[in-house]
Amino acid sequence: MSLITLIPLFPLLGFLINGIGFRKVPNSLVGIIGSAAALASFACALSLFLNFSGTPQLVHVFDWITVGKLNIAMSFQIDQLSLLMLLIITGVGSLIHIYSIGYMHHDEGFGKFFAFLNLFLFFMLLLVMGSNYVVMFIGWEGVGLCSYLLIGFWNKNVNYGAAARKAFIMNRIGDLGFLLGIFLIIAHFGSVEYADVFGKVAEGGYLSGDKTLVAITLLLFVGAMGKSAQIPLYTWLPDAMAGPTPVSALIHAATMVTAGIYMIIRSNIMYSLAPETLEVVAWVGLATAVFAASIGLFQNDIKKVLAYSTVSQLGYMFMGLGVMAYSSSFFHVMTHAFFKALLFLGAGSVIHAMSDEQDIRSMGGLRKKLPITFITFLIATIAISGIPPFAGFFSKDEILAHVYEHNKLMWAFGLLGSIMTSFYMFRLLFLTFFGEFRGTKEQEHHLHESPLTMTAPLMVLAVLSAIAGFFNLPHIFGGHAGLAEFMAPLFAHSHVETAEVSESTEIMLMVISVVAALASAIVAYVIYVSKKAVPAADGAESGLQKVIYNKYYIDELYDAVFVKPISALSTFFHDVIDFLGIDLIVESIGKLVKTLSAEARLLQNGTTGFYLFAMVLSIVALLAWGLQGFFF
Amino acid sequence: MNAIIALSLSGIASLFLGFSTNRKNLLITTLLFVLVALGLNLADWNHEYFWFNNMLKTDNLSINFSSVILLSTALVVAISRSFGDDEEHTHPAEYYAIMLFAAAGALMMVTYENMIMLFVGLEILSVSMYILTGSDKRNLRSNEAALKYFLMGAFATGILLFGVALVYGATGSFNIHGIGEVVSRTKKGMELFEGGVILYAGIILIFIGLLFKVSAAPFHFWTPDVYEGAPTIFTTFMSTVVKTAGVAAMYRLLSISFPAVYGLWGNPLVWITCLTLIVGNITAVYQQSFKRMLAYSSISHAGYLLITILAKTPNTNGSILFYSLAYSIATISAFAVLMIVSENKPKDGKPDESFEALNGLSVNNPFLAFVLTVSMLSLAGIPLTAGFFGKFFIFTDAFSNVSPLFKNILVVAILMSAVGVYYYFKPIIAVYMKKGEIAEIQLPLIYKITLIITTALTIILGIAPDLVKNMF
Amino acid sequence: MNYQPSDYLPIIVQLGAALAFIVLTMVATHWLGPKRHSSKKDDVFECGIESIGDARTPISVKYFLVAILFVLFDVEIVFMYPWAVNFKELAWDGFVEMVVFMSFLLLGFIYVIKKGVLKWEK
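Chains as they are written, first to last, in this note's numbering: chain A, 1 to 632; chain B, 633 to 1104; chain C, 1105 to 1226.
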C-alpha cells in the first residue's frame, strides 16, 4: 500500500477505534489514538512533500461505479495543491487534536468527540486528495456531516441543535449548486476526472467567456459560497460557534471553510476562461469581506468576533480568486489557517480559564494570568491585522496589490475592510487582556493558565503565524516568492494575465495599508485602554450600532423572505395537494394492488393436483403457441 | 472442478463425523469443508479446461457462479446454529452431508458441458432438497412440503429429460457446444429436422424443467408451500443456492447452445418473465407470514434474473452474477433474522413466522433490526445497498436491448419493483414502529459474525459496486 | 444424420407389437382357459392355512430399509459385469477406478452398519 492511500486511512482507523469503542476505550487512550492518527497522516504527507518530484501522481484505489461510458474511480491525485492542503490539514489538524486532549478531557463525550474529529479529517483528506469531482463531493458532503455533528456536539442544548441544522441546510443549498455543476461537467465532458476535464478544456479551444464554462463555474461557485460562508449563505458560520472551540478552530476556520477556495483553485483553468464568473466571485468576496468585518466591529462574544472575522477573511480570499491571484489567495488560506486557528485556540484557552464565559465585557486584564495565551494571541492579532513582518501582512497585501491592478475601487473597499479588521481585532485583544478584570469574583478565583497540551499547540502556531509570511516573500524584499513558484505548474494552462505591479506602486500600497492598520489599532487602544470604554449591555445600543450589533437583521430578513413563505407553502401542500394527490390517487392505487393480491393469493390453494394441472396447461399453451408458427 | 470432488468427499466425511457426539464441531468442520472447496474453486481461475471426457468444462464464468454458490452455502452453514433441540430426531451430520452433496450438484449445474451432467447435477440437488425439506419429521407441514416438492419436482425433471431427448433428436448432440454449432450452422434452426419443431419443443421443455427449479411463474406453485413448510435454514439454502444454480444452468445453456435461435425462445421467455414479476410481487403484498412473503419475493427475483438472461448484452455476465450475489446475501440475512426471532417466540409450540413476531425488535435487539432493515432495503432495491445496483445493472441491460418487447418488460419490472417496496417495508415497519414483547435474544458469535459479513457486504456493494463487479 | 419421422416407424411398429402381444396373451388366456367357480376355490389361498384378519397389516420400516439396501448393493453388481468382460483392456486404470468405486460402496456399507440400520431388534 502506498504512502498516499495511508494518509486518509489513519484517521479512518482512528474513527473506527474511537467510534466503535466509545465508552470502552479508556479516556487516556482516546486522545492518544486520535492525535496519533492525525500525526501519522501528517508524517506521511510531509514525507510525500519532501520527496515530491514536481509531476502529479495518480493513485487508483478502486473502480467505483461504471455505468455505460462513465467510469467513476476512487482515486487520489497528489500534486502541488493537494500536497499543500494536506500539510495544512494534517499539520494544523494534529495541533488541534493535541489541544483537544486538554480542552475536552472533562467532557463525557470525549471519545465521541475524537471519533468525529478523526472522521472529519478523513473526509477532508478525501476532499483534497480525490482525483475527480465525485470524490471531492464525497469529501465535501462528509465534512458537512461532521461539521453538523460537531456543531451540535452538545446536543442537549436545543439552540445548539438548531445551529447545527442551520449550518447543514445552508450547506445543502450550496451543495445543490455544486452537484448541478458536477452534472453539467459530466454532461459536457463525459468525465469527472480532473485530468480529463482540464485536458479537454486546455485543448478544446474554448473562447474566454464560453457559456458552458460560465455556467459550470457559477454553479461550482454556489457550492463554494455555501461551504466557505459567502454572502448570502454566510449566516450559518457565526452560529456554528455553538460547537466546541477546537472544532471552530479546525473546521470553521482553518480547513473546511477553505474547501470552496480549494475547489476554485483546483478548477482554475475553467474559471480563467469565465471572466463573468470571476467578476461575480470578486464582488461577492469583497462584499462579504467588508460586510462581515463591519458586523465584527460591535460583537461582544469572543468567538462571534472571530467567526465574523473568518467570514471576512474568506471574502478576501475569494476577492483574490476573482482577480486571478490564485497563488496569493492560497497563500492567504495558509497564513489564515495558522493565525485563525491560533486565535480560536487562544480564545478557547481564555474560555477554559474563564469557566465557559464567552462575553468579552466580563473579561479584561487577563494578560497577567494567562501570559502564554496573551502573547500568542497578540502575535495572531498582529498577523491578522496585516502589520509586518507577520504572516497576514504578506498574504493580504499580495491580494490587495492584485486587486489594485484589477480595479481601484475594489481596492479602496478592501482597504476599508482591512482597517475594520485591525480595529475589531485590537478591540478584542484590549478588552480581553488589558484593563481591569470585570467578571465575577468566582471566575477571578479560577483564572489559570491552560495545561501544556493546550499551550504547546498555541506556541507552535504562534511561531508559524509569525514566520509564515517568509514562505512567499515577495521580490521587493529580496525573496523569490517560493510558494507562488511552487504552485506555478498548477496554473500553466490558465493564461493568467497579471500585469506586474511596479515596485513603487507596490511599496506605496504596502505603506498605505500598514499605516491604516496601525492607525486603527491605535484608535482601538485609545478607546478601549486609555478611555477604558466597555461596550454597552445588550439592548442599550442605539442607531447604526444597534443595527450592526444585530448583524443587520439578516437572519430576520431570511426568516421573513424565505422561511415563512416556504412554511406557508408547505401548509398549503399539506392541506390541499396531499389530500388530493396522496390520499385519493396514490392510496387508491395501493388499494387496487391489494385487491389484486387478495385475488392472486387464492390461486395458491395448496392442492398439488391443481398445481400440476396449471403446469400442464401452461406447457401445452407454450408449445401450442410456439408450434402454431410451424404448422400454420 | 476440484471443488466438486472435495465437496463429495467431505460430504462422506461429515456423515462419519456424525458418529462423534459433539455437534458444535460439526458446524465448524462443515464450514471448513465449504471454504476449502471455495479455495479449490478459485484456484482454477483463468484455467479453461474439460473434465471427464468433456462432461464438464471449467471457465471463469462457471468459477464465478460456483463462488457465489459456495459463498452462499458457507453463510447458510454458518447460521445453521441448531436444528432444534430434539437430540433423537435430528441428524445434523446427515443434514450437513446432504447440504454438501447438494452444493456439489449445484456446482455440476454451473460447469456442465454435457446435458447428462446438467441432469445428474439437477437431480443430486433436487433429491437432496426433497430430503432436507422433509427433515422436520414430526412436523406435518414439513412432510407435506416434501411430498409436494417431490411430486412436482419429479414431474418437472421428467419434462426436462424429455426436452433433452428432443434436442438430441434435433441436433444429434448432448454436448452444449456441439448443439450450439449445429444450431448456428443452420439458419435460425429452420433447416433442422422438421423445420425446427422438435428443436423448439425441446428447448421449451428444457426451460420448463429449469424454470421450475428457479420458481418462475407459472411453474412457481410449489414455491410458497414448500418454502413455508421446510425448516427455515433449508428454505434459505433453497432460495439462494438452488436459485443461483438454476439461473446459471439456464444462462449457460442459452448463451452457448441457443444464441442463434433467439427468435425461437425469446418471446415465450419474455412473457414468462413478465408473468413471474407480476405474480411474485402482487401476491407478496397480501401475505401475513414473513416467511411466505420471502417465498414470493424469491419468485419475483427470479423474474429480475430472467430479464438479464434475456437481455443478452455484453454486460450480462457481470449483471447476473452481481444480482445473484446481492440477492443471496440479502436473503440470507433476512432468513437468519427470521429464524432467530421466530424460534425465540414460539406460538402454539411452533416458531411464529408472521410479521407480528418482529414487532418491537428494534428496542430489544437493535443489531438484528438493523440487519433486517438493510437486507429488506437491498431486496427492495433502495440506493446505498447492493440490491439497488443489482437492479440498476439489470435495467440498464434491458434498456440497451433494442427489441421493443424489452421496453415492455422494463415497464413491468419498474412498476413491480415499486410494488416490492410496499411489502419489503412491512417488516421494517414492524421492527421500528410497532410495539411488541420480545424475550432476550442470545446471538452466538458465529451467527453475529455472519450477519455482520452479509450486512457489511450489502452496504459495501451498494456503495462501491465495481469492487466486485470488475471481478466478474 | 438426416432423419425423417418415417425413419422412426420401426420403433412404433415394435412398440405396437409389444403392446399387442401383452394384450393378446392376456385376453387369450382369459377366453381360452376353463373357469369353474366354487366357494372353496374362490377363497384366498394362503399355504393351505385358513386366512385370518386383515391382509393390510403395518410392516416395520426396517423391512423396507433392508429391502432398499439390498436392491442398492445388488444393482451395483451390474457395474462389475462390463468391467469383468473388459478387464484386460481397461488394465490398471480400470482396476483403480473399480477400487475407488468399491471403496465408496464399502464406506456406504460401513455407514449403514454403524448407523444401526441392520440391527433388527432394537
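Cβ coordinates follow ideal geometry from the N, Cα and C atoms, glycine included.
Beta carbon of residue i nearer than 9 Å to that of residue j
i: SER699 of chain B; j: ILE961 of chain B; result: no
i: GLU745 of chain B; j: MET687 of chain B; result: yes
i: LEU233 of chain A; j: MET170 of chain A; result: yes
i: MET324 of chain A; j: ASN268 of chain A; result: yes
i: ALA1018 of chain B; j: ILE1091 of chain B; result: yes
i: TYR89 of chain A; j: VAL59 of chain A; result: The amino acid occupying residue 89 of chain A in the given sequence is Ile; Tyr does not appear at that position. In this structure, VAL59 of chain A does not lie closer than 9 Å to ILE89 of chain A by Cβ.
i: LEU579 of chain B; j: ILE1078 of chain B; result: The displayed coordinates of chain B run from 633 to 1104. Any statement about residue 579 of chain B would go beyond what the structure contains.
i: PHE470 of chain A; j: PRO389 of chain A; result: yes
i: GLY785 of chain B; j: SER758 of chain B; result: yes
i: THR908 of chain B; j: HIS852 of chain B; result: yes
i: ILE251 of chain A; j: CYS146 of chain A; result: yes
i: ARG601 of chain A; j: THR915 of chain B; result: yes
i: ILE372 of chain A; j: MET425 of chain A; result: no
i: MET241 of chain A; j: HIS352 of chain A; result: no
i: LEU121 of chain A; j: PRO457 of chain A; result: no
i: PRO489 of chain A; j: GLN80 of chain A; result: yes
i: ALA347 of chain A; j: LEU306 of chain A; result: yes
i: PHE1027 of chain B; j: ILE1014 of chain B; result: no
i: PRO891 of chain B; j: GLY801 of chain B; result: no
CA nearest to the CA of residue i, picked from the options
i: LEU46 of chain A; options: A:GLY606, A:LYS156, A:ILE7; result: A:ILE7
i: VAL592 of chain B; options: B:LEU798, B:THR818, B:SER805, B:VAL995; result: The structure shown does not extend to residue 592 of chain B, since chain B spans only 633 to 1104, so no value can be given for it.
i: ASN673 of chain B; options: B:THR722, B:LYS656, B:ALA943, B:ASP691; result: B:ASP691
i: THR55 of chain A; options: A:GLY348, A:PHE486, A:SER28; result: A:PHE486
i: TYR194 of chain A; options: A:SER75, A:VAL158, A:LEU458; result: A:SER75
i: PHE751 of chain B; options: B:VAL709, B:TYR728, B:PHE806, B:GLN920; result: B:PHE806
i: GLU1072 of chain B; options: B:ALA849, B:ILE972, B:ILE748, B:ILE964; result: B:ILE972
i: THR948 of chain B; options: B:SER652, B:GLU1069, B:ILE730, B:SER1032; result: B:SER1032
i: TYR611 of chain A; options: B:PHE697, B:TRP854, B:GLY812, B:GLY841; result: B:TRP854
i: ALA492 of chain A; options: A:SER208, A:SER272, A:LEU557, A:LEU584; result: A:SER272
i: LEU1089 of chain B; options: B:PHE866, B:PHE1021, B:ILE910, B:PHE890; result: B:PHE1021
i: GLN920 of chain B; options: B:LYS977, B:SER986, B:THR818; result: B:SER986
i: GLU1201 of chain C; options: B:ILE701, B:SER816, B:TYR928, B:PHE684; result: B:PHE684
i: PRO633 of chain A; options: A:SER28, A:LEU86, A:LYS69; result: This structure leaves residue 633 of chain A out entirely; chain A is present only between 1 and 632.
i: THR945 of chain B; options: B:PHE1038, B:VAL709, B:PRO863; result: B:PHE1038
Below-9 Å beta-carbon distance, residue i vs any chain E residue
i: MET1008 of chain B; result: Among the protein chains in the structure shown, which are A, B and C, there is no chain E.
Residues bridged to residue i [DSSP beta-bridge criterion]
i: GLU193 of chain A; result: A:ASN132
i: SER921 of chain B; result: B:SER986
i: ASP359 of chain A; result: A:ASP301
i: LEU58 of chain A; result: A:GLN77
i: PRO1059 of chain B; result: DSSP, once it has assigned bridges, lists no residue as partnering PRO1059 of chain B.
i: LYS979 of chain B; result: B:LYS982
ask   = Three or more C-beta pairs closer than 8 Å, one from the stretch 311-320 of chain A and one from the stretch 256-267 of chain A: is that the case here?
value = With a cut-off of 8 Å, the stretch 256-267 of chain A and the stretch 311-320 of chain A count as touching, because enough Cβ pairs lie within range.
Could you give the uninterrupted runs of the beta strand (DSSP E) lying entirely in the stretch 374-421 of chain A, keeping only those of 3 residues or more? The stretch 374-421 of chain A contains no whole beta strand (DSSP E) run of 3 or more residues.
With a cut-off of 8 Å, do at least 3 Cβ pairs link the stretch 725-741 of chain B to the stretch 877-889 of chain B? Yes: the two stretches touch, three or more of their Cβ pairs being nearer than 8 Å.
| message | List, from N- to C-terminal side, the alpha helix (DSSP H) runs of 4 residues or more that fit wholly inside the stretch 673-718 of chain B. | response | Counting only runs of 4 or more residues that sit fully inside the stretch 673-718 of chain B, the alpha helix (DSSP H) segments are 692-710, in chain order.
* With a floor of 3 residues, list each beta strand (DSSP E) that falls wholly inside the stretch 855-910 of chain B, ordered by position along the chain. => None, since the stretch 855-910 of chain B contains no complete beta strand (DSSP E) of that length.
task = List in chain order: all unbroken alpha helix (DSSP H) runs of 4+ residues lying wholly within the stretch 63-119 of chain A.
result = Those alpha helix (DSSP H) runs which fall completely within the stretch 63-119 of chain A and span 4+ residues are 80-104.
Item to complete: Spell out a yes or no on whether the stretch 661-669 of chain B and the stretch 834-844 of chain B are touching, meaning 3 or more CB-CB pairs, one atom from each, closer than 8 Å.
Response: With the cut-off at 8 Å, the stretch 661-669 of chain B and the stretch 834-844 of chain B do not touch.
Any contact of the stretch 271-286 of chain A with the stretch 199-213 of chain A, i.e. 3+ C-beta pairs under 8 Å?
Touching, yes.
Inter-stretch contact at 8 Å, needing at least 3 Cβ pairs: the stretch 147-162 of chain A / the stretch 108-121 of chain A: They touch, by the three-pair rule.
So, do the stretch 1165-1175 of chain C and the stretch 1205-1223 of chain C have three or more beta carbon pairs nearer to each other than 8 Å?
-> Two segments are said to touch when three or more pairs of C-beta atoms, one from each, lie closer than 8 Å; by this definition the stretch 1165-1175 of chain C touches the stretch 1205-1223 of chain C.
Is the number of C-beta pairs between the stretch 362-376 of chain A and the stretch 284-298 of chain A that are closer than 8 Å three or more? Judged by Cβ distances under 8 Å, the stretch 362-376 of chain A makes no contact with the stretch 284-298 of chain A, as fewer than three pairs qualify.
Along the chain, which unbroken stretches of the alpha helix (DSSP H) at least 4 residues long are found entirely within the stretch 716-793 of chain B? List check, alpha helix (DSSP H) in window: 724-743, 747-765.
Complete alpha helix (DSSP H) runs within the stretch 249-286 of chain A (minimum length 4 residues, chain order)
As for any alpha helix (DSSP H) of minimum length 4 sitting wholly inside the stretch 249-286 of chain A, the runs are 259-266, 268-272, ordered along the chain.
For this session: Please go through the stretch 189-234 of chain A and give each complete alpha helix (DSSP H) segment of 4 or more residues, from N-terminal end onward.
Result: If we require 4 residues or more, the alpha helix (DSSP H) runs fully inside the stretch 189-234 of chain A come out as 194-203, 211-227.
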